[in-house]
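Protein chains in written order, with the UniProt record's numbering: chain A, 1 to 156; chain B, 1 to 156.
Before any comments, here is the structure.
Number of protein chains: 2
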Amino acid sequence: MKINSLQIEIDGIDKEILRYLMEDARKPILQIAAKIGISGAAIHQRLRKLEQAGVIAGSKFIVNTKVLGYSTMAFVGIYLEKASSNFEAVKELRKIPEVLECHYTTGNWSILIKMICRDNEHLMQLLNKKIQPINGVSRTETFISLEQQIERQIQL
Amino acid sequence: MKINSLQIEIDGIDKEILRYLMEDARKPILQIAAKIGISGAAIHQRLRKLEQAGVIAGSKFIVNTKVLGYSTMAFVGIYLEKASSNFEAVKELRKIPEVLECHYTTGNWSILIKMICRDNEHLMQLLNKKIQPINGVSRTETFISLEQQIERQIQL
DNA sequence: CATGAAACCATTCTGCA
DNA sequence: TGCAGAATGGTTTCATG
Numbered sequence: 001m002k003i004n005s006l007q008i009e010i011d012g013i014d015k016e017i018l019r020y021l022m023e024d025a026r027k028p029i030l031q032i033a034a035k036i037g038i039s040g041a042a043i044h045q046r047l048r049k050l051e052q053a054g055v056i057a058g059s060k061f062i063v064n065t066k067v068l069g070y071s072t073m074a075f076v077g078i079y080l081e082k083a084s085s086n087f088e089a090v091k092e093l094r095k096i097p098e099v100l101e102c103h104y105t106t107g108n109w110s111i112l113i114k115m116i117c118r119d120n121e122h123l124m125q126l127l128n129k130k131i132q133p134i135n136g137v138s139r140t141e142t143f144i145s146l147e148q149q150i151e152r153q154i155q156l
Numbered sequence: 001m002k003i004n005s006l007q008i009e010i011d012g013i014d015k016e017i018l019r020y021l022m023e024d025a026r027k028p029i030l031q032i033a034a035k036i037g038i039s040g041a042a043i044h045q046r047l048r049k050l051e052q053a054g055v056i057a058g059s060k061f062i063v064n065t066k067v068l069g070y071s072t073m074a075f076v077g078i079y080l081e082k083a084s085s086n087f088e089a090v091k092e093l094r095k096i097p098e099v100l101e102c103h104y105t106t107g108n109w110s111i112l113i114k115m116i117c118r119d120n121e122h123l124m125q126l127l128n129k130k131i132q133p134i135n136g137v138s139r140t141e142t143f144i145s146l147e148q149q150i151e152r153q154i155q156l
């Protein structure tokens, strides 16, 4: 592993370890060790280095939101009156738990958010009662995801 | 935990367990047990049920793409000549590793994708050489995420 | 990066309420 | 049906080479 000022290079073994763990964060290290032919301790050492280098941002359990009753995913482009009100708007958006992502974007809008809702009515209520009233928001454009056809992380 | 035909209800203890694991998938079950005051065995039982019910979709290691040299995230809206070419287009998009999400959306475009690139030039090359040439794609609109200000899962 | 020992954790089973 | 306790087998960590 080579560390430049900003970018880190990881070797093939690191990649192989990460590939397994990106698929299943709870996979036992010893099983991975057996598959790639080095000791479990060596993998732990590499993982510690990758963590220190900031390559590993953590691990997460993924919850199936559909099963919990959230069936509508939507993207909402938000126009702001002034780009300078971005900080305030994001602060408000953060308070809405259904907002999963928020991006400050180039192009038409100032902000693009991804949100998850129980149904279309829930989405409409959030738009009307939570998002549109935010100070500085002038207009929104909504795109409902009828189907998420790809969902993955970067391939190593 | 109550199981309806399609939607699952999870109680406060389930939520607490999941909250810990959504934050850190490798957190030892016994540590969680100690914090919430029930036995490790009980947590295992609950996790098994949640898994059977489909609430848990898996666990993932999260890799910091910026550290690996991917500094540009972009959303691309794709217009298709015919909506019916969606399936073929998605098949091609799946072959592009930089495409992390692909949604079939209502609104202006047929498809909205999220992709990650090394830099703006890399993004441009992917657009020109990989995405625009896909059969059925008539036009694209690109939104670069200057900053991702929110990134999280649904709150339980 | 490997080894081996020690500490720790996960998992399963049994009994109890 | 849900939980606790105990037992065992596996995992992680640490020291050392």
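A virtual CB, placed ideally from N, CA and C, is assigned to each residue, including glycine.
Leaving out five residues on either side along the sequence, give the residues of the same chain with a beta carbon under 7 Å from the beta carbon of Ser39/B. Ala33
Assign Lys35/B to buried or exposed, taking buried as 16 or more other Cβ atoms, counted over all protein chains shown, within 10 Å of its Cβ. It is exposed - the Cβ of Lys35/B has fewer than 16 other Cβ atoms within 10 Å.
Answer yes or no: do Val140/B and Ile78/B have a C-beta to C-beta separation smaller than 8 Å? Going by the sequence as given, residue 140/B is Thr instead of Val. Yes.
For Thr65/A, the residue or residues it bridges with in DSSP: According to DSSP, which records beta bridges pairwise, Thr65/A is partnered with nothing at all.
Tell me the rounded alpha-carbon separation between Ser138/B and Lys82/B. 9 Å
Chain B contact for Tyr70/A (CB, 8 Å cutoff): yes
Is the beta carbon of Phe75/A sitting closer than 8 Å to the one on Leu112/B? Going by C-beta atoms, Phe75/A is nearer than 8 Å to Leu112/B.
With a threshold of 8 Å between beta-carbons, can Ala57/B be considered close to chain A, or not? yes
Answer yes or no: does any C-beta atom of chain A fall closer than 8 Å to that of Pro28/B? no
For Tyr70/A and Asn135/B, what's the separation of their Cα atoms in angstroms? 33 Å
Using the beta-carbon count (16 or more within 10 Å), is Lys91/A buried or exposed? exposed
Alpha carbon to alpha carbon, how far is Ile154/A from Glu121/B? Give it in angstroms, no decimals. 18 Å
Taking 8 Å as the cut-off, decide whether the C-beta atoms of Val67/B and Gly54/A are in contact. Cβ atoms of Val67/B and Gly54/A: closer than 8 Å.
Helix, strand or coil for Ser5/B per DSSP? Annotation note: pLDDT 41 at Ser5/B (below 50); position unreliable, no value reported.
Cβ neighbour criterion (16 or more within 10 Å) applied to Phe61/B: buried
Measure from the alpha carbon of Ala94/B to the alpha carbon of each residue in Lys15/A, Ile17/A, Tyr20/A, Gln148/A, then state which is nearest. It is Arg, not Ala, that sits at residue 94/B in the sequence shown. Checked all of Lys15/A, Ile17/A, Tyr20/A, Gln148/A; the closest Cα to Arg94/B is Gln148/A.
Contacts of Met124/A in chain B (Cβ-Cβ under 7 Å): Simply none; closest approach about 13 Å.
Give a yes or no on whether the minimum CB-CB distance between Tyr104/B and chain A is below 8 Å. yes
Taking a contact to mean a Cβ-Cβ separation below 8 Å, would you say Ile43/A touches Ile56/A in this structure? no
For Ala74/A, report the span of its beta strand (DSSP E) as first-last. 72-80
Here's the rule: buried if 16 or more other CB atoms are within 10 angstroms of the residue's CB, otherwise exposed. What is residue 157/B? Residue numbering for chain B in the displayed model covers 1 to 156; residue 157/B lies beyond these limits and cannot be assessed.
Can you tell me the Cα-Cα spacing of Ile150/B and Pro133/A, whole angstroms? 19 Å
I need the DSSP call for Lys95/A, collapsed to helix, strand or coil. coil
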